[in-house]
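Residue numbers (the numbering used here): 1202 to 1660. By construction, the Cβ of each residue, glycine as well, lies at the ideal position given by its N, Cα and C atoms.
Next up, the structure:
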């Protein structure tokens, strides 16, 4: 906080404190007093404890239920008692007994909110006493009116304080207004019932007020804590997901350096796999997994001889058998990473066939992981539409027909149908793995952008 801001805040607090003292003196001179000191003390303790358990909405604002006992005092007793109960809430603020720091200015904060809370309570009391009568309807009307005044006053003082501290009033309004409206709709009926119980049944029902008030505030606190923990857990999961993707990119980049064909193939398969999974209606988690597995599906090729990877011309039967080992090698490599167990399994089975004639295990349809089935389609299509040393790339219609012919025997029918649907709506750049979203990982942007780097281009 700058010196000018501190001076402005000090001046504002001084004016607010003077207004609160003036209002208190005026109420005393008009004959208002504290009729039931013990009950008012109980309500004051309730507001102080509720402030102690306040729910943080941001670094500079929080939510308490101090208005419940304040409005109760306003309706049952009057403006002076309501002002005292409201002002007592700040005795429970943790910074009152702490040293705080220069920017927070705990002494000014205490004076500011004590004065504002007194005025809020007093205004609610004046409103309530002008409307209340002995009937049930009169009590309800007075309670709702007092709560509306209290919520509006509380939000107004918070907005003014925010402006004085050079903070965003718009942010506070967007965050505070819905809370104020919800609080009004929840608090007003509760207080009305408790006032009726106090007035019509017995003053001993005050216990029914204090205990639920504190319990309600504690529930708010626990809810906010659980929500914060949930947010932190989501943040950790997102960090782990980015780390997983970065690790996969590092692995594939190393593979690209030793295999010219893989440079671009892995990313194309990842992009196609993601889009197939999305078109099939899989969850976002499964779609992300399809992309990640597509990136690393050929990871096992790093364990093959460079002469085999770089051979010009078709492979012999023995070389083909040796090449087929890459899926099992990839599984062994990925299995060393604890977070990649499921990915390792998917990579092992991405060359299995629906009819059981695939490798390395020859398992049939239902036993093949869904993402493995998806990668098999994406992998085969990109291989067919890419130039190889021993043959030119197929055109899109020919590759499409090959997929249709192998549907139900080599490839999973739903995966083929989904992919052909995507390809039918796409541009030639997408069909032939060209342009943004394709190419070598070493030439791409940051890893975290990869899952959404390419969108289907409509022809």
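For residue 1510, the uninterrupted alpha helix (DSSP H) run begins and ends at 1507 to 1510, by DSSP.
Taken in chain order, the unbroken stretches of alpha helix (DSSP H) that lie wholly in the region 1206 to 1255 and span 4 residues or more are 1238 to 1253. Bridge pairing for residue 1639: absent [DSSP]. In the DSSP assignment, residue 1500 forms no beta bridge with any residue. Here residue 1321 is near residue 1358, since their CB atoms are less than 9 Å apart. In the structure shown, residue 1273 falls within a helical segment according to DSSP collapsed to helix, strand and coil.
Our two residues, residue 1395 and residue 1250, have alpha carbons roughly 19 Å apart in a direct line. Approximately 5 Å separates the beta-carbon atoms of residue 1471 and residue 1492; this is inside 8 Å, confirming the contact.
Here the alpha carbon of residue 1597 sits roughly 14 Å from the alpha carbon of residue 1606. As a beta-bridge residue in DSSP terms, residue 1612 pairs with 1608.
Counting only the Cα atoms, residue 1332 lies some 13 Å from residue 1324. Closest by C-alpha distance to residue 1616, out of 1631, 1577, 1627 and 1636, is 1577. The Cβ-Cβ distance between residue 1233 and residue 1280 falls below 9 Å.
For residue 1525, there is no enclosing alpha helix (DSSP H), as DSSP marks it with neither H nor E. The beta carbon of residue 1245 lies closer than 7 Å to those of 1285, 1286 and 1289 in the same chain, with the five residues before and after it left out. Taking 9 Å as the cut-off, the beta carbon of residue 1213 is found closer than this to the beta carbon of residue 1365. When the alpha-carbon of residue 1555 is set against those of 1467, 1610, 1231 and 1330, the nearest one is in 1610. Apart from sequence neighbours up to five positions away, the residues of its chain that approach residue 1570 with a beta-carbon distance below 7 Å are 1546, 1547 and 1550, ordered along the chain.
Judged by DSSP secondary structure, residue 1318 falls within the alpha helix (DSSP H) whose first and last residues are 1307 to 1332.
Within its own chain, the residues whose Cβ lies closer than 6 Å to the Cβ of residue 1595, once the five positions on either side in sequence are excluded, are 1585 and 1586, listed in chain order. Just so you know, the alpha carbons of residue 1335 and residue 1484 end up roughly 60 Å apart.
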